[in-house]
């Protein structure tokens with residue numbers, strides 16, 4: 064039991080670290096009213112492991128802090144990723160094509176309001192919903208499904224805890 068907890072925490076930590084690294088590396092277009100956050104491709108990972116839920120949340124939180132986001136963005140942007148991860152996990156027994164819908168939807172609903180009321184962006188909220196949505200479709204939908212295709216071949220190796228023999 065203890066080894067499964069360590070495996071879970073290790074997976075969550077690795078996912079968080081990769082999310083932070085991708086957010087930081089691609090920072091020039093990971094933030095703003097027109098954004099494509101490459102790290103959001105990882106929101107497909109709850110299909111493979113529940114450890115992705117805290118991993119994505121913590122990764123987004125740290126990525127937003129390191130990216131210089133303001134407090135409402137740090138909080139609500141991370142909550143959007145958390146909601147997307149939780150609902151993606153709920154879809155784990157469905158078609159993988161449905162998996163990008165929760166993170167796309169959560170970000171379309173939350174991020175434009177953060178941009179307007181947190182950053183003071185004066186673009187119309189429906190327009191920002193379109194721009195954020197387009198970025199999320201690219202990152203979660205297209206890139207996320209590419210990640211899914213690549214990892215699905217190895218899911219029994221990478222995402223299942225090893226058998227520890229003492």
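In the numbering used here, the protein residues as written are 64 to 229. A virtual CB, placed ideally from N, CA and C, is assigned to each residue, including glycine.
For residue 103, which option in 156, 158, 147, 110 has the closest C-alpha, if you only look at C-alpha atoms?
Counting from 1 along the chain shown, the entry for residue 103 is found at position 40. Among 156, 158, 147, 110, the Cα nearest to that of residue 103 belongs to 147.
Span separating the alpha-carbon of residue 272 from that of residue 79
The question about residue 272 has no answer here: the residues shown for the chain are numbered 64 through 229.
Count the CB pairs spanning the segment 87-100 and the segment 194-204 that are closer than 8 Å, and state whether there are at least three.
Yes, the segment 87-100 is in contact with the segment 194-204.
What are the uninterrupted segments assigned as alpha helix (DSSP H) that are 4 or more residues long and contained completely in the segment 71-143, given in chain order?
As summarised for the segment 71-143, the continuous alpha helix (DSSP H) elements at least 4 residues long and confined to that stretch are 115-129, given in chain order.
Buried or exposed by the 16-neighbour rule on C-beta atoms within 10 Å, applied to residue 191:
Locating residue 191 in the chain shown gives position 128, where the first residue counts as 1. By the 10 Å Cβ count, residue 191 comes out buried.
Residue 109 and residue 152 - do their beta-carbons sit closer together than 9 Å?
Numbered from its first residue, the chain shown carries residue 152 at position 89. Numbered from its first residue, the chain shown carries residue 109 at position 46. Using a Cβ distance threshold of 9 Å, residue 152 and residue 109 count as a contacting pair.
Under the rule that 16 or more other beta-carbon atoms within 10 Å means buried, what is residue 183, buried or exposed?
Taking the first residue of the chain shown as 1, we reach residue 183 at position 120. The residue in question, residue 183, is exposed, as its Cβ has fewer than 16 Cβ neighbours within 10 Å.
Could you check if residue 228 is buried or exposed, using at least 16 other CB atoms within 10 Å of its CB as the buried criterion?
Reading the chain shown from its first residue, position 165 is the one you call residue 228. Only weak support is given to the placement of residue 228: the predicted model assigns it a pLDDT of 47, under 50, and the value that follows is read from those uncertain coordinates. With fewer than 16 Cβ atoms within 10 Å of its Cβ, residue 228 is classed as exposed.
Quick one: grab the DSSP three-state call for residue 228.
Position 165 of the chain shown, counted from the first residue, corresponds to residue 228. Note that residue 228 has pLDDT 47, beneath the 50 cutoff, so the model's placement of it is unreliable and no number is given.
Start and end of the alpha helix (DSSP H) containing residue 155?
One-based indexing of the chain shown puts residue 155 at position 92. Where residue 155 is concerned, there is no enclosing alpha helix (DSSP H), because DSSP gives it neither an H nor an E.
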